[in-house]
Each structure stands twice: as structure tokens, then as C-alpha cells.
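Residue numbers (full-length UniProt numbering): 1 to 151. C-beta: ideal position from N, C-alpha, C; glycine also. The structure presented is a predicted model; accordingly, all values stated were derived computationally and were not measured. Read the structure below first, then the notes.
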């Protein structure tokens, strides 16, 4: 729990031990740990605790969220028109590692409908889902935006 003077909460993020030549990196580590401490309502978080666990806490970074929002914006705008749920389809397809039948079943649609939606995702984004880096970026973007929206 956070405690502090006059009711104001205090949270501390600690970097890994470092020398003066690596001060900028230590500062980034401390900022990441502080961000995790605030989200978890904790007084102290060490970067070593963040680095040893999941990468997901790092996705709450403002720059990551901005990247994620930018990457997914066109898909969300498409979904807002009511012409298909591309974001949910992409999430299901990635979560099922590209397994058409399993992802389609999760969504309650035919696998051909899901294939069509994934082609639309590629067309709208101008990127190929055959590229592992693209899939990784999209998965992280989905995780970052769902974490910031409390999903």
C-alpha cells in the first residue's frame, strides 16, 4: 500500500545497480519500475522484479500505448462502421497461433469468414500476417491497448 506525508501516496521505482556511464538506462529502468509500482498500488518496485517477470507490465508505457493505438487505429475505425469485427478477429486468430478452425470457433463464425477478415486486416494495414514481426507487433499492440482499457 502507498503511504505518504499528508495523505499523498509515495511510490518508488529502483533501477538495477549501475555506474555513471549507464545513468540514462538506469533512469529508464527506474521509470518502468515506478510505473509498475503505481499500477499495482505498491510503495516500492525494483526493476529486477519487473525484468524477471512478464513483459506485459512494460506495455503500459505511454510510448508503447501510442504505438499500439496508431497501429490499430485503422482497424478500429473500420470496426466502428459495423462492417466486421476485425480487432476481435485478429485477437482470436493471433491467440490461436493462426489456427483457423479454433479461432473461428472462438468467434462463432465460419473459418472462411475469419480468412476473409484476416485478408481485410492485411489490406487495411498494408502489412502481411505471414511476417512474424508483424504478428508480434500486432499482438503486443492488442495486449497494450487491452491492458490500458482494463480488458
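DSSP state of residue i mapped onto helix, strand, coil
{"i": "residue 41", "result": "coil"}
{"i": "residue 70", "result": "helix"}
{"i": "residue 146", "result": "helix"}
{"i": "residue 63", "result": "helix"}
{"i": "residue 28", "result": "helix"}
{"i": "residue 83", "result": "coil"}
Minimum C-alpha distance to residue i - residue among the options
{"i": "residue 94", "options": "126, 117, 20", "result": "117"}
{"i": "residue 41", "options": "11, 29, 70", "result": "11"}
{"i": "residue 98", "options": "132, 71, 85", "result": "132"}
{"i": "residue 91", "options": "104, 80, 77, 82", "result": "104"}
{"i": "residue 123", "options": "74, 139, 113", "result": "74"}
{"i": "residue 136", "options": "115, 68, 84", "result": "68"}
{"i": "residue 17", "options": "34, 46, 113, 38", "result": "46"}
Problem set entry | Unbroken stretches of the alpha helix (DSSP H), 4 residues or longer, contained in the UniProt domain "PucR C-terminal helix-turn-helix" (86-144) | 86-95, 100-107, 111-125
Original post:
For the stretch 105-112 against the stretch 64-74, are there 3 or more C-beta pairs whose distance is under 8 angstroms?
Top reply: no
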